[in-house]
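Okay, structure first, notes after.
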Amino acid sequence: MTSTDTGASSFRVRPYLLTGGRTRSAVELALETIVRSTPQGHSALESLGMERKQIVSLCAEPQSLAEVSAHLRIHLQVARVLLGDLITEGHVALQAANAQPADRPDLALLERVLDGLQAL
Amino acid sequence: MTTANPIPVKIVVAGGFAVGKSTFVGAVSDIDPLTTEAAMTKASEGIDDLGDATTKKGTTVAMDFGRVGLGAELVLYLFGTPGQDRFHFMWDELIRGAIGAVVLVDTGRLDQCFPAVDYMERAGVPFVVAINAFDGVLRHHPDDVREALDVPAHIPVLVTDARHRAAVRDTLVGLVRHAMTVATASA
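Sequences listed follow chains A and B, in order.
Our numbering puts the first residue of the first sequence at 31, with every later residue one more than the last.
Our numbering puts the first residue of the second sequence at 192, with every later residue one more than the last.
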């Protein structure tokens, strides 16, 4: 495999400029983890860089990590790092109801999903 | 948005290329399905085909997904898996915390869904096999499909129609019931 670390490939390198080259998030976020911007985030909106500002604006309504990535057309891994930063800084908050990412839904939650589907 | 704090749950829709995964997701989603792109990680490139020119530009994997509000308190996300085998690294992320998976089957191209069935079995994810009767005509009996795919007896083999909301909903109900059986057995 030829190394692409030289920066010769703009496709690969550019997204990670947004994250300072980081690929790991400070916060564990599943694709479906729902986040919402905080009052602090809204107050700080004008001081944030473009992508971070867009995320905080979008998350005025609860959004999942996958939705943030899709709506703003940011690679999933990049969206995850940026969201992790915003959560650490208090501009965005995890929804209290998020299950732990590694957990399979328990029987009680499955029953609620079943009821919900049957009511569609 | 009816609640400030919905609980997210997730179901994975797997199967071969062009089997109708996006149609299946779109049939029941509240929103037009969205696409999220992930960059191929270095770890996954290491096991990828070295002769593939596309990886040199930085390959991305696109995943379609939809969102279904279930009452005010639950949001169900439906994620379609990327088709090709070499994107299996994304599947690990997709199935983490998922209720389970629907493996869509086109009876005209049964072999296309072998990797998905294998993967779900090995990963221990609750899953159902759903035969997509494209034209409303079922060309093969579910028992024949079960035998051809070597699907164990405890895994449901269902018939669906990816274009129709009610059929898709019934398939999802079938998966959730199966996941409940699995959860009860392991409790």
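Yeah, the Cβ is synthetic: ideal placement off N, Cα and C, and Gly gets one too.
The model shown is predicted, which means the values in this text are computed figures rather than measured ones.
Check your understanding: What first and last residue would you give for the beta strand (DSSP E) that runs through P199(B)?
Key -> Here residue 199(B) refers to the residue found at position 8 when the second sequence is read from its first residue. Per DSSP, P199(B) belongs to the beta strand (DSSP E) from I198 to G206.
**Study point:** Under the three-state DSSP convention, the category G242(B) falls into
**Key:** Counting from 1 along the second sequence, the entry for residue 242(B) is found at position 51. Unreliable positioning characterises G242(B) in this predicted model, as indicated by a pLDDT of 41, which lies under 50. The coordinate reading is nonetheless provided below. Note: G242(B) maps to coil in three-state DSSP.
**Study point:** Residue closest to G120(A), alpha-carbon to alpha-carbon, out of L106(A), S94(A) and V57(A)
**Key:** Position 90 of the first sequence, counted from the start, is the residue given in the question as residue 120(A). When each option's Cα is compared against that of G120(A), the closest is V57(A).
Point to revise | Stretch-stretch touch, CB-based, cutoff 8 Å, three pairs: the stretch 141-150 of chain A with the stretch 356-371 of chain B | key: yes
Review point. Based on the DSSP output, what are the partners of G349(B) in its beta bridges?
Key: Your numbering for residue 349(B) matches position 158 in the second sequence. The sequence as given places Leu at residue 349(B); Gly does not occur at that position. According to DSSP, L349(B) bridges with A321(B).
Check your understanding: Is DSSP giving A17(A) helix, strand or coil here?
Key -> As displayed, chain A neither begins before 31 nor continues past 150, which places residue 17(A) out of reach and without an answer.
Practice item. Name the two residues that bound the continuous alpha helix (DSSP H) containing G217(B). Key: Walking along the second sequence from the start, residue 217(B) turns up at place 26. Run containing G217(B): K212 to V219, per the alpha helix (DSSP H) assignment.
Practice item. Using alpha carbons as the reference points, say which of D223(B), P317(B), L267(B) and W282(B) lies closest to M231(B). Key: In the second sequence, residue 231(B) corresponds to position 40, counting from 1. Answer by Cα proximity: W282(B).
Check your understanding: Roughly how many angstroms separate the alpha carbons of K83(A) and G260(B), rounded to a whole number?
Key -> Stepping through the first sequence from its first residue, residue 83(A) is reached at position 53. Stepping through the second sequence from its first residue, residue 260(B) is reached at position 69. If I take the Cα positions, the gap works out to 27 Å.
Check your understanding: If you draw a straight line from the alpha carbon of S235(B) to that of F278(B), how long is it in whole angstroms?
Key -> Locating residue 235(B) in the second sequence gives position 44, counting from the first residue. Locating residue 278(B) in the second sequence gives position 87, counting from the first residue. For S235(B), the predicted model reports a pLDDT of 48, less than 50, meaning its position is unreliable and no value from the coordinates is stated.
Check your understanding: Which residues mark the beginning and the end of the alpha helix (DSSP H) in which G71(A) is found?
Key -> Translated into the one-based positions of the first sequence, residue 71(A) becomes position 41. Residues P69 to S73.
Review point. Could you give the distance in angstroms between the alpha-carbon of A314(B) and the alpha-carbon of A289(B)?
Key: The count along the second sequence starts at 1 and reaches residue 314(B) at position 123. The count along the second sequence starts at 1 and reaches residue 289(B) at position 98. When only Cα atoms are considered, A314(B) and A289(B) end up about 12 Å apart.
Point to revise | Cα-Cα separation, T227(B) to I64(A) | key: Numbered from 1 along the second sequence, position 36 holds the residue referred to as residue 227(B). Numbered from 1 along the first sequence, position 34 holds the residue referred to as residue 64(A). Cα to Cα, T227(B) sits roughly 15 Å from I64(A).
Review point. Whose Cβ in chain A lies nearer than 7 Å to the Cβ of V364(B)?
Key: Looking up residue 364(B) in the second sequence gives position 173. Ordered by position in chain A, the residues that pass the 7 Å Cβ test against V364(B) are L144, L147 and Q148.
Check your understanding: Does the distance from the CB of G206(B) to the CB of V294(B) come in under 9 Å?
Key -> Along the second sequence, one-based indexing puts residue 206(B) at 15. Along the second sequence, one-based indexing puts residue 294(B) at 103. Yes, the pair counts as a contact, with Cβ atoms nearer than the cut-off.
Exercise for review: Throw me the rounded Cβ distance for the V296(B) and V336(B) pair, which I believe falls under 8 Å.
Suggested key: What you label residue 296(B) is simply residue 105 of the second sequence in a count that begins at 1. What you label residue 336(B) is simply residue 145 of the second sequence in a count that begins at 1. The Cβ separation is near 6 Å, so the contact holds.
Review point. Over what stretch of residues does the alpha helix (DSSP H) that includes D334(B) continue unbroken?
Key: Translated into the one-based positions of the second sequence, residue 334(B) becomes position 143. Start and end: P333 to L340.
Practice item. For the beta strand (DSSP E) containing V259(B), list its first residue and its last residue. Key: In the second sequence, counting from the first residue as 1, residue 259(B) sits at position 68. Per DSSP, V259(B) belongs to the beta strand (DSSP E) from T251 to L261.
Review point. Counting pairs of Cβ atoms below 8 Å between the stretch 210-227 of chain B and the stretch 91-100 of chain A, do you hit three or more?
Key: With contact defined as three or more Cβ pairs closer than 8 Å, the stretch 210-227 of chain B and the stretch 91-100 of chain A are in contact.
Check your understanding: Are there 16 or more other CB atoms within 10 angstroms of the CB of S67(A), so buried, or fewer, so exposed?
Key -> Counted from its first residue, the first sequence places residue 67(A) at position 37. Buried, by the Cβ-count rule.
Point to revise | Cα-Cα separation, I104(A) to R356(B) | key: As a position in the first sequence, residue 104(A) is number 74, starting the count at 1. As a position in the second sequence, residue 356(B) is number 165, starting the count at 1. Straight-line Cα distance between these residues: approximately 30 Å.
Review point. What residue from R300(B), G365(B) and F280(B) has the CA that sits closest to P317(B)'s CA?
Key: Position 126 of the second sequence, counted from the first residue, corresponds to residue 317(B). Looking at R300(B), G365(B) and F280(B), the one whose alpha-carbon comes closest to that of P317(B) is G365(B).
Review point. For a contact meaning CB atoms closer than 7 Å, what does T49(A) contact in chain B?
Key: Reading the first sequence from its first residue, position 19 is the one you call residue 49(A). Within 7 Å Cβ-Cβ: nothing; T49(A) doesn't reach chain B, min ~11 Å.
**Study point:** Identified DSSP bridge partners for V266(B)
**Key:** As a first step, residue 266(B) must be located in the second sequence, where it is residue number 75. DSSP lists P199(B) and G260(B) as partners of V266(B).
Review point. Under the rule that 16 or more other beta-carbon atoms within 10 Å means buried, what is Q107(A), buried or exposed?
Key: Indexing the first sequence from 1 puts residue 107(A) at position 77. Buried.
Exercise for review: Evaluate P197(B) with the Cβ neighbour count: other Cβ atoms within 10 Å of its Cβ, from every protein chain shown; 16 or more gives buried, anything less gives exposed.
Suggested key: The residue given as residue 197(B) occupies position 6 in the second sequence. That one is buried.
Check your understanding: Mind pulling the chain B residues with CB within less than 8 Å of H72(A)?
Key -> In the first sequence, the residue the question calls residue 72(A) occupies position 42. Under the 8 Å cutoff, chain B gives no residues; its nearest Cβ is about 15 Å from H72(A).
Review point. If we count the other Cβ atoms within 10 Å of its Cβ and call it buried at 16 or more, is S430(B) buried or exposed?
Key: What is shown of chain B runs 192 to 378, which leaves residue 430(B) out entirely.
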